[in-house]
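Here it is, written out as structure tokens:
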């Protein structure tokens, strides 16, 4: 079987990159402008230039979100090429949140390079994030070139509602850091905003632009939502017991960071020896391996894996209900499997 | 003559407040939610609650921007009541920029109260600003209830382009702080983004919703732009030689803050005794009065006043060209005069 996904990604991603680069004045012919260094910060974050603003194309992200959006469009029966601005919109939105996240989390590095705030300072980075958000809005409005205005308003409304979910999820995430009374039930609303909302919007917007009827749109939206949940739960598993070679971050790094991920919340609710140690203060590198084992012994690995399986089943059921068509449909199934079976 | 402006403001502002409060879940009936404190931060910034999130209505802003928008709509022949969501959108957008500005400028106070970041910390404040931006986008899409989708897309596009101007202006403003090579010509692109872009968008969007044809829309847009420029130049004059009773801030406070306002840029270009003193380091309270006098003696007062008159003339010419109708037209003229003749 031909690898549909790789083939489609190889045509979709460059189209989205080009659309974003045009909004971001990369290779523009407008001539030098006082705000060029400002565009440069955003170009740097997107991986097109290095910190000196010289060309560099090593550190772009995986662009999963636009691919999900465009595949959903095509699998719902639409022409993905017309939906490219929507792909740009979701990717720009995602990157706006990353720039602000890095300030909020005080993170020095992203994709192996210094973060925007680390190079240009927080005030400039806040503003660069705001501008990527603006460009996401501009991109979604650009759909009007190929779609009726009613459809554009519908897609934009989904995008805006999603943004609100993102900020609510971010609020919960930040406020959880200081709380000691959290249970596993507090995990889902936070992850719904932080991860699932945007993946859900990608599939939902794609299906709208593909001409899906309302019940199909619902199926695409549910697919994206469950996919996001499953993906995050997987990420939590890898963050504690995972394979460094796959994730690029050391296993158990979530324990060192004190991240209240699903396995940790389960362990805290369990109230055993893991919880006892957790409440004594920050975990040190030399105890990480034993604590990961302890957490597994207390049932958190099994519990989290069970939730991951539930979410995965939900995602694949929703995708079958969406009944994605053609090569894009096969590629979408392939992408889903790839995203939620990362440990294999 | 009846005071049209006050009468219209007294009906318009409550309508906009209600629309914003509905987006911001004030007095909602949804029941308690984990994200209530998050909405609380935004409600606080908008002046509806105090820092303990108890009702308070003393510190809302003047809501000039929605009034400009709704008056432009009515004066162009439209029904301002249908345009209320656009009024909410421009006010929410303005307030999003204020929350982020306060972090960027390290400002402790706004309208006599502690700033959002001062109370809840910068990470939470960044997120609260982002959410107000989202709600501005949601508000502009809400226009679809009363307007054809094509018109909504047109209005949203103006709003988004304006946001980009705002971030570019903010970039210039922040980068100017560190530059020593600025002349008066660098002032205009910065102020065009920081102040004029949004006032211009208010009038432009209002005229679109009022059904103005393209040449009338241009006139409204130019009016708002020149009004914003004139307003900012006035503000610069008051910031150095102004009347504390009118502005609520002490005259010459701009000198203490080292703000590169138009009179200062003129003085620096002049290269006289004022410039000599400026480059020696921060200005102290006891030398402010003498330096303001020195700056005036070197021609900066006259120069800045001249620019203010030019911009005012441009604004009023554009407004005449827009040919605003009825009571709203009179009120718009009144508001323009009020905004740009504040020193009298």
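Chains as they are written, first to last, in this note's numbering: chain P, 270 to 613; chain X, 270 to 613. Glycine included, every Cβ here is placed at the ideal spot set by N, Cα and C. As the structure is a computational prediction, the values presented were derived from the model and not from experiment.
Going by beta carbon distance, what residues of the same chain come within less than 6 Å of residue i, once the five residues before and after it are set aside?
i                      : result
residue 270 of chain P : Residue placement at residue 270 of chain P is poorly supported in this model, since its pLDDT is 46, which falls under 50; the coordinates still yield a value, given next. So no residue of the chain qualifies.
residue 481 of chain X : 345
residue 336 of chain P : 278 and 281
residue 402 of chain P : 365
residue 506 of chain X : 573
residue 376 of chain X : 384
residue 287 of chain P : none
residue 334 of chain P : 359, 360, 363 and 471
residue 468 of chain P : 493, 496 and 497
residue 350 of chain P : none
residue 328 of chain P : 316, 380 and 382
residue 464 of chain X : 497 and 501
residue 593 of chain X : 344 and 601
Can the beta-carbon of residue i be found closer than 9 Å to that of residue j?
i                      : j                      : result
residue 345 of chain X : residue 485 of chain X : yes
residue 478 of chain P : residue 352 of chain P : yes
residue 359 of chain P : residue 342 of chain P : no
residue 274 of chain P : residue 603 of chain P : yes
residue 372 of chain P : residue 314 of chain P : no
residue 547 of chain P : residue 537 of chain P : yes
residue 618 of chain X : residue 309 of chain X : As displayed, chain X neither begins before 270 nor continues past 613, which places residue 618 of chain X out of reach and without an answer.
residue 292 of chain P : residue 601 of chain P : no
residue 400 of chain X : residue 285 of chain X : no
residue 622 of chain X : residue 529 of chain X : Residue 622 of chain X lies beyond the stretch modelled for chain X, which goes from 270 to 613, so this question has no answer here.
residue 509 of chain P : residue 564 of chain P : yes
residue 488 of chain X : residue 587 of chain X : yes
residue 392 of chain X : residue 443 of chain P : yes
residue 590 of chain X : residue 522 of chain X : no
Under the DSSP definition of a beta bridge, which residues are partnered with residue i?
i                      : result
residue 335 of chain P : Looking at the DSSP assignment, residue 335 of chain P forms no beta bridge with any residue, so it has no partner.
residue 378 of chain X : X/383
residue 324 of chain P : P/318
At 9 Å on the CB atoms, spell out the chain X contacts of residue i, in chain order.
i                      : result
residue 247 of chain P : Outside the displayed range of chain P (270 to 613) lies residue 247 of chain P, so it cannot be described from this structure.
residue 385 of chain P : Residues of chain X passing the Cβ test: none, with the nearest at roughly 13 Å.
residue 602 of chain P : None at all; the shortest Cβ gap to chain X is about 32 Å.
residue 324 of chain P : Per Cβ cutoff of 9 Å: no residues; residue 324 of chain P is ~22 Å from chain X at best.
Along chain X, in chain order, which residues have C-beta atoms closer than 7 Å to that of residue i?
i                      : result
residue 436 of chain P : 396, 399, 400 and 403
residue 426 of chain P : 410
residue 419 of chain P : 418
residue 422 of chain P : 410, 413, 418, 421 and 422
residue 580 of chain P : Correct list: empty, because the minimum Cβ distance to chain X is about 21 Å.
Go through its chain and collect everything with a Cβ distance to residue i's Cβ below 8 Å, but skip five positions before and after it.
i                      : result
residue 466 of chain X : 431, 434, 435, 438, 494 and 497
residue 534 of chain P : 451, 452, 453, 455 and 456
residue 389 of chain X : 310 and 397
residue 423 of chain X : 477
residue 306 of chain X : 322
residue 607 of chain P : 274
Closer than 8 Å by beta-carbon distance: list the chain X residues that pair up with residue i, in chain order.
i                      : result
residue 593 of chain P : Chain X residues near residue 593 of chain P: none, gap ~28 Å exceeds 8 Å.
Please list the partners that residue i has in chain P, where partner means a Cβ-to-Cβ separation under 9 Å.
i                      : result
residue 432 of chain X : 399, 400, 402, 403, 406 and 407
residue 554 of chain X : Within chain P, no residue comes near residue 554 of chain X; the closest Cβ sits about 26 Å away, beyond 9 Å.
residue 261 of chain X : Residue 261 of chain X lies beyond the range of chain X shown here (270 to 613); nothing can be said about it.
Using a C-beta to C-beta distance shorter than 8 Å, which residues of chain P count as neighbours of residue i?
i                      : result
residue 429 of chain X : 403, 406, 407 and 410
To which residues of the same chain is residue i closer than 7 Å at the C-beta, ignoring the five residues directly before and after it?
i                      : result
residue 609 of chain P : 496, 499, 500, 503, 581 and 584
residue 440 of chain X : none
residue 567 of chain X : 536, 539, 541 and 543
residue 407 of chain P : 292
residue 394 of chain X : 368, 372, 385 and 386
residue 405 of chain P : 358, 361, 362 and 365
residue 458 of chain P : 441
residue 242 of chain X : Residue 242 of chain X lies beyond the stretch modelled for chain X, which goes from 270 to 613, so this question has no answer here.
residue 524 of chain X : 509, 552, 557, 560 and 561
If you measure beta-carbon to beta-carbon, which residues of the segment 277-307 of chain X are closer than 8 Å to chain P? The segment 277-307 of chain X vs chain P, Cβ under 8 Å: 303, 304, 306 and 307.
Anything in the segment 438-468 of chain X with a Cβ closer than 7 Å to a Cβ of chain P? List those residues in chain order, please. 439, 440, 441, 443 and 458
For the segment 364-381 of chain X, which residues have a beta carbon sitting closer than 7 Å to at least one beta carbon of chain P? Flagged, chain order: 369, 372 and 373.
Closer than 8 Å, Cβ to any Cβ of chain P: which residues of the segment 330-361 of chain X, in chain order? Residues are counted here when their Cβ sits less than 8 Å from a Cβ of chain P; for the segment 330-361 of chain X the count is zero.
Using a Cβ-Cβ cutoff of 9 Å, what residues of the segment 489-506 of chain X are near chain P? List them in chain order. Going along the segment 489-506 of chain X in chain order, one finds no residue with a Cβ nearer than 9 Å to chain P.
Residues of the segment 531-554 of chain P with a CB closer than 9 Å to any CB of chain X: list them in chain order, please. Among the residues of the segment 531-554 of chain P, none has a Cβ less than 9 Å away from any Cβ of chain X.
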